[in-house]
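To start, the structure under review is shown below, and the notes come after it.
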Amino acid sequence: MSEKMSVTMFKKPWVKDISIEFRSNIPALFGLFLIFLLFFSAIFVTIDSTFFDRKIISTLIADPLEMTPDTYQPPSKDHWFGTDEFGRDILARVIYGSQTAVIVGISSVGFSFVFGVLIGAIAGFYGGKVDHVLMRMVEVLYSIPALAFALFIVAIFGANIQNVVIAVGIINMPKFARVIRSEVLSIKEREFVMAARALGLKNSRIIMDHVIPNAITSALVVATLSIGTAILDVAALSFLGFGVQPPTISWGLMLSSGREALFIDPYLAFFPGLAIFLTAMSFNLVGDAVRDAFDPKLKTRWNR
Amino acid sequence: MTDPLLSVENLRTYFYTPYGVVKAVNGVNFELESGKALGIIGESGSGKTVTGLSIMRLIFPPGKILKGSRIMFQGEDLLLKPENEMRSVRGNRISMVFQDPMTSLNPVFTIGEQLTRVIQTHQDLTKKEAIEKAITLLKEVGISDPEKRIKNYPHQFSGGMRQRVLIAMAISCHPNLIIADEPTTALDVTTQAKIIELLKDLQRKIGTSLIFITHDLALISEIVSEVIVMYCGMILERGEVDELLSEPLHPYTEGLLHSLPDVNIKGDLQPIEGTIPSPINPPSGCKFHPRCKHATVECREDVPEFKKIRSDRYVSCILY
Amino acid sequence: MRTEYIINRLIQVLPVMLGIITLAFVMLRLAPGDPITIYMGVRASEEDLQYLRHLYGFDKPIYLQYIDYLKRIAVGDFGTSISYQKPVFDIILKRLPVTLSLVLYSLGFSVIVAIPAGIYSALHKNRISDHIVRFISLIGVSIPRFFTAILLIYMLGYYLEILPISGYVPLREDFVKGSMHLILPAVSLGGALMGYTMRVMRSSMLEVLGENYIKAARAFGLQEKVVVWRYALRNALLPVITIIGLQFSTLLGGSIIIEEIFGIEGIGRLTYRALLARDYPLIQGVVIYYSFLFLLSVIIVDVLYAIIDPRIKYE
Numbered sequence: 004m005s006e007k008m009s010v011t012m013f014k015k016p017w018v019k020d021i022s023i024e025f026r027s028n029i030p031a032l033f034g035l036f037l038i039f040l041l042f043f044s045a046i047f048v049t050i051d052s053t054f055f056d057r058k059i060i061s062t063l064i065a066d067p068l069e070m071t072p073d074t075y076q077p078p079s080k081d082h083w084f085g086t087d088e089f090g091r092d093i094l095a096r097v098i099y100g101s102q103t104a105v106i107v108g109i110s111s112v113g114f115s116f117v118f119g120v121l122i123g124a125i126a127g128f129y130g131g132k133v134d135h136v137l138m139r140m141v142e143v144l145y146s147i148p149a150l151a152f153a154l155f156i157v158a159i160f161g162a163n164i165q166n167v168v169i170a171v172g173i174i175n176m177p178k179f180a181r182v183i184r185s186e187v188l189s190i191k192e193r194e195f196v197m198a199a200r201a202l203g204l205k206n207s208r209i210i211m212d213h214v215i216p217n218a219i220t221s222a223l224v225v226a227t228l229s230i231g232t233a234i235l236d237v238a239a240l241s242f243l244g245f246g247v248q249p250p251t252i253s254w255g256l257m258l259s260s261g262r263e264a265l266f267i268d269p270y271l272a273f274f275p276g277l278a279i280f281l282t283a284m285s286f287n288l289v290g291d292a293v294r295d296a297f298d299p300k301l302k303t304r305w306n307r
Numbered sequence: 246m247t248d249p250l251l252s253v254e255n256l257r258t259y260f261y262t263p264y265g266v267v268k269a270v271n272g273v274n275f276e277l278e279s280g281k282a283l284g285i286i287g288e289s290g291s292g293k294t295v296t297g298l299s300i301m302r303l304i305f306p307p308g309k310i311l312k313g314s315r316i317m318f319q320g321e322d323l324l325l326k327p328e329n330e331m332r333s334v335r336g337n338r339i340s341m342v343f344q345d346p347m348t349s350l351n352p353v354f355t356i357g358e359q360l361t362r363v364i365q366t367h368q369d370l371t372k373k374e375a376i377e378k379a380i381t382l383l384k385e386v387g388i389s390d391p392e393k394r395i396k397n398y399p400h401q402f403s404g405g406m407r408q409r410v411l412i413a414m415a416i417s418c419h420p421n422l423i424i425a426d427e428p429t430t431a432l433d434v435t436t437q438a439k440i441i442e443l444l445k446d447l448q449r450k451i452g453t454s455l456i457f458i459t460h461d462l463a464l465i466s467e468i469v470s471e472v473i474v475m476y477c478g479m480i481l482e483r484g485e486v487d488e489l490l491s492e493p494l495h496p497y498t499e500g501l502l503h504s505l506p507d508v509n510i511k512g513d514l515q516p517i518e519g520t521i522p523s524p525i526n527p528p529s530g531c532k533f534h535p536r537c538k539h540a541t542v543e544c545r546e547d548v549p550e551f552k553k554i555r556s557d558r559y560v561s562c563i564l565y
Numbered sequence: 345m346r347t348e349y350i351i352n353r354l355i356q357v358l359p360v361m362l363g364i365i366t367l368a369f370v371m372l373r374l375a376p377g378d379p380i381t382i383y384m385g386v387r388a389s390e391e392d393l394q395y396l397r398h399l400y401g402f403d404k405p406i407y408l409q410y411i412d413y414l415k416r417i418a419v420g421d422f423g424t425s426i427s428y429q430k431p432v433f434d435i436i437l438k439r440l441p442v443t444l445s446l447v448l449y450s451l452g453f454s455v456i457v458a459i460p461a462g463i464y465s466a467l468h469k470n471r472i473s474d475h476i477v478r479f480i481s482l483i484g485v486s487i488p489r490f491f492t493a494i495l496l497i498y499m500l501g502y503y504l505e506i507l508p509i510s511g512y513v514p515l516r517e518d519f520v521k522g523s524m525h526l527i528l529p530a531v532s533l534g535g536a537l538m539g540y541t542m543r544v545m546r547s548s549m550l551e552v553l554g555e556n557y558i559k560a561a562r563a564f565g566l567q568e569k570v571v572v573w574r575y576a577l578r579n580a581l582l583p584v585i586t587i588i589g590l591q592f593s594t595l596l597g598g599s600i601i602i603e604e605i606f607g608i609e610g611i612g613r614l615t616y617r618a619l620l621a622r623d624y625p626l627i628q629g630v631v632i633y634y635s636f637l638f639l640l641s642v643i644i645v646d647v648l649y650a651i652i653d654p655r656i657k658y659e
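Residue numbers (the working numbering), protein chains in the order written: chain W, 4 to 307; chain Y, 246 to 565; chain A, 345 to 659.
So, in structure tokens, the structure goes:
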């Protein structure tokens with residue numbers, strides 16, 4: 004057994020690194036569990052609302068859109084999380100809000116990922132003036148507070164889901180661009196890129212086929228860590244009324260109306276807030292674990 | 246015979262890592278007499294550095310010095326000392342010079358600040374006296390213009406100069422023992438020779454004992470009188486330096502000599518076959534047997550006895 | 345030599361500043377609709393609209409507008425706010441102390457809590473106290489500011505009634521009362537910064553404690569408190585300063601939401617109003633103010649860095 008251990012200890016692919024990291028990291032496993040729960044809930048909501056017209060959730064819990072005279076109910080047997088200002092069931096609404104969180108969170112990080120990786124790769128690969136101009140532009144983006152910038156975009160171009168995705172996508176982009184750029188700077192000196200250049204391949208070809216695939220793991224780490232931040236940003240926009248608009252159900256909006264009724268019914272704010280917090284926390288936990296799994300310094304620390 | 250200055254008895258230092266237990270030092274015994282210089286030689290991972298750190302008691306978790314080990318220094322067991330007493334031994338009665346001068350000085354303080362801090366920790370001197378002492382020490386280790394250099398930061402010094410500063414720190418309290426852990430490995434060849442020269446001079450001048458840890462056989466003959474050879478945390482051979490180099494007993498020592506280009510030995514350059522064993526799963530029996538051409542079944546089963554061949558000559562091998 | 349270094353950094357920062365000023369201009373020109381129409385509403389007469397467009401220079405060709413805009417900014421004229429009918433510069437300046445005191449309180453709170461906690465955690469690695477500190481820092485970075493604010497308002501302000509839950513009292517007028525008013529907003533705003541600072545402090549302390557010069561310092565018999573608090577801390581602080589500098593802009597952004605929740609009339613709330621009213625000159629002014637403060641923080645971080653780390657050359 005110990006023979007086998009010494010072999011795997013020195014030669015293991017990154018998939019194994021991650022699985023080893025997660026096996027010994029109980030908080031990260033907990034985060035992973037919460038993320039599964041979130042995705043499961045988002046998928047359930049999508050199916051329920053597209054094909055069943057909210058029948059499933061209405062049977063199981065309550066219709067998240069149906070207004071009742073029972074307003075501002077505290078948690079009870081009928082309404083586990085209570086009801087809101089229109090008598091709607093908060094639990095059902097928190098579940099329905101997961102869909103918005105997942106869609107907006109993932110797509111805005113997807114936006115940052117695609118554009119950040121492209122900009123970073125081009126800047127790093129071409130260097131010189133191109134690098135200088137692109138990185139100054141990234142710096143400009145970086146120097147306006149993220150939330151303020153997202154607010155400007157949404158306020159000016161209109162508050163709808165696409166603009167929220169783009170705004171949050173733009174403010175998280177610099178992280179990707181920077182990480183990829185520094186990664187590419189070292190990759191482009193490696194033999195296979197040299198060889199591809201010597202063979203006379205087109206630059207665009209080299210970037211897409213050789214440079215980006217090799218730099219992508221670090222961008223994935225940034226992506227996992229960014230989903231949590233993105234969900235927080237989206238919630239903040241919605242909270243200020245510049246995000247997703249009703250009747251779309253979002254945690255930020257729920258929290259915002261919960262704030263207005265805080266002294267009447269604190270649960271109205273508490274549960275959506277908790278949902279945002281737990282989501283951000285689970286992505287942070289998993290993101291940290293993924294980063295540690297990829298960090299070569301951590302692995303060798305014990306024998307230094 | 247008088248009591249030796251230092252006597253290490255059955256020293257065992259293990260590291261409890263997530264991958265298994267690393268027996269970095271596993272039953273090491275040796276003595277060192279006052280004023281003498283001892284060399285410890287071995288490849289990286291042989292446990293020579295950990296031996297040095299164990300004497301200083303600078304082993305931190307997951308590392309541990311096992312019960313039953315004894316480090317007698319000037320008649321007291323260092324392993325039984327409380328930490329605060331041990332601290333007044335470090336840098337004062339026993340000093341250490343480290344392998345990598347580039348990273349062994351704190352980058353954010355001037356060398357003067359660092360040197361005077363060591364001096365004032367162990368000696369009751371005023372700031373001014375400490376600075377004067379620091380300047381004298383720097384002069385002693387061959388740093389020109391010490392009055393000015395004392396205000397410089399480590400990054401303004403070359404590797405060789407930094408090692409000189411570290412040596413100045415090590416001798417600042419006239420220690421009875423200096424442990425030099427590969428002090429020249431990180432330096433270029435000409436600087437190496439100068440540092441060795443300096444250590445030799447200083448050792449003679451202040452009469453301190455020296456443990457010189459290295460993997461470089463060529464260096465060792467210049468500075469020490471006696472050598473122990475370590476492999477996988479154990480001592481394989483011990484002897485007077487010229488004798489050990491001209492007539493190695495253990496196949497491993499022989500192998501080491503053959504793999505050196507700059508030692509005058511007959512025959513071609515032959516590296517030792519095989520690789521250093523995994524620290525977590527060392528071989529059974531004689532740790533060297535997988536790489537040894539004389540290996541027998543017996544070697545695989547039992548650790549050979551550490552035998553006295555003649556006066557001051559010991560070896561752990563079934564051939565003798 | 346140090347002043348030269350600072351001036352140099354200022355010059356390096358200028359192109360970014362120009363970029364931001366340009367971005368603010370371009371973004372507002374790209375916006376759909378005409379600010380004057382939006383502001384006056386549909387009932388305004390065409391003549392009035394024409395007059396106002398002319399007054400605010402919206403009838404000139406775009407490049408001329410841009411040049412005018414740059415010229416005016418160069419002399420500190422940020423235009424006149426449409427909704428307040430006052431110079432933008434004056435409005436911002438008047439509210440600056442409010443936001444600055446909020447931001448500095450929350451910076452102070454997070455740093456004072458996070459740095460000792462991070463060090464403690466590093467020195468007690470893998471013990472229960474370490475786990476507690478790491479858990480708190482995880483909460484800090486994961487919890488939305490507005491949720492912290494709401495929880496604090498409910499528990500400390502409403503339920504226990506120990507702290508005021510809204511409003512602002514200038515610190516110059518009444519320091520104690522002003523500080524009381526700032527506690528809840530500052531804590532809500534600084535939670536994330538506290539969390540990030542804690543984890544960076546912890547990991548950088550652990551990293552530095554493994555360095556050779558720390559081993560060497562111990563081998564020279566230095567007192568453990570000297571080793572930790574002088575030799576290690578000074579080196580370990582460098583990454584912490586970086587993260588605080590980067591997070592400074594997050595504090596400014598977060599002040600929008602926090603000032604709104606706590607009813608503090610600072611620049612954050614002003615930003616929110618300007619956005620709701622589409623007050624373009626004011627929005628521009630606020631963008632420039634934000635980036636100016638951010639770049640200032642970058643320079644402060646660089647100077648701090650240069651003070652702590654002698655290896656940084658004053659080129």
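Even glycine gets a Cβ: it sits at the ideal position worked out from N, Cα and C.
Of the residues Y:Y264, Y:Y261 and Y:E276, the one whose Cα lies closest to the Cα of N255 of chain Y is Y:E276.
A direct Cα-to-Cα measurement between E377 of chain Y and L325 of chain Y gives close to 36 Å.
Residue environment for D369 of chain Y: exposed (fewer than 16 other C-beta atoms within 10 angstroms of its C-beta). A straight-line Cα-Cα distance of about 16 Å links I506 of chain A and S532 of chain A. Between I209 of chain W and P488 of chain A, the alpha-carbon positions lie close to 41 Å from each other. The three-state secondary structure of F318 of chain Y, taken from DSSP, is strand.
In the structure shown, the three-state DSSP call for L590 of chain A is helix.
Close to chain W, meaning a Cβ-Cβ distance shorter than 7 Å, are the following residues of the segment 633 to 649 of chain A: Y634, S635, F638 and L639. Any Cβ of chain W closer than 7 Å to the Cβ of S593 of chain A would place that residue at the interface, and such an atom is present.
In this chain, I304 of chain Y is not harboured by any alpha helix (DSSP H), its DSSP state being neither H nor E. Under the Cβ criterion of 7 Å, F490 of chain A is counted among the residues facing chain W. For L277 of chain Y, the enclosing beta strand (DSSP E) covers residues G265 to L277. Look at E192 of chain W here: in three-state DSSP terms it is coil, with no helix or strand label.
Taken through DSSP and simplified to helix, strand or coil, T430 of chain Y comes out as coil.
A residue is called buried when at least 16 other Cβ atoms come within 10 angstroms of its Cβ; S417 of chain Y meets this threshold and is buried. In this structure, the alpha-carbon of I558 of chain A lies about 55 Å from that of K415 of chain A. By the criterion of at least three beta-carbon pairs nearer than 8 Å, the segment 524 to 544 of chain A is in contact with the segment 454 to 464 of chain A. A buried status is given to P346 of chain Y, since no fewer than 16 other beta-carbon atoms sit within 10 Å of its beta-carbon. Using a CB distance cut-off of 7 Å, R335 of chain Y counts as an interface residue toward chain A. The beta carbon of I310 of chain Y lies closer than 8 Å to those of L256, R257, T258, S299, R302, I304 and L324 in the same chain, with the five residues before and after it left out. Contact between the segment 279 to 287 of chain Y and the segment 467 to 479 of chain Y is present: 3 or more CB-CB pairs across the two stretches fall below 8 Å.
DSSP lists Y:I480 as the beta-bridge partner residues of M475 of chain Y.
Each of A:S389, A:T492 and A:G534 was checked against the Cα of F453 of chain A, and the nearest Cα belongs to A:G534.
When C-alpha distances from E492 of chain Y are compared across Y:P307, Y:Y398, Y:S403 and Y:V560, the shortest belongs to Y:V560. Shown here, N166 of chain W sits in a helix according to DSSP, grouped into three states.
Around the Cβ of Q394 of chain A, a 10 Å sphere holds fewer than 16 other Cβ atoms; the residue is exposed.
Taking 7 Å as the CB threshold, E263 of chain W stays off the interface with chain A.
Our two residues, M197 of chain W and L408 of chain A, have alpha carbons roughly 48 Å apart in a direct line.
At a cut-off of 7 Å between C-beta atoms, N274 of chain Y does not count as an interface residue with respect to chain A. Listed along chain A are N556, each with a C-beta nearer than 9 Å to that of D345 of chain Y. Proximity of chain A to T348 of chain Y at the Cβ level (cut-off 7 Å) is accounted for by E555, N556 and Y557, in chain order. With the criterion set as a beta carbon lying under 8 Å from some beta carbon of chain W, the segment 391 to 420 of chain A has no members that meet it. Secondary structure of L422 of chain Y (DSSP, three-state): strand.
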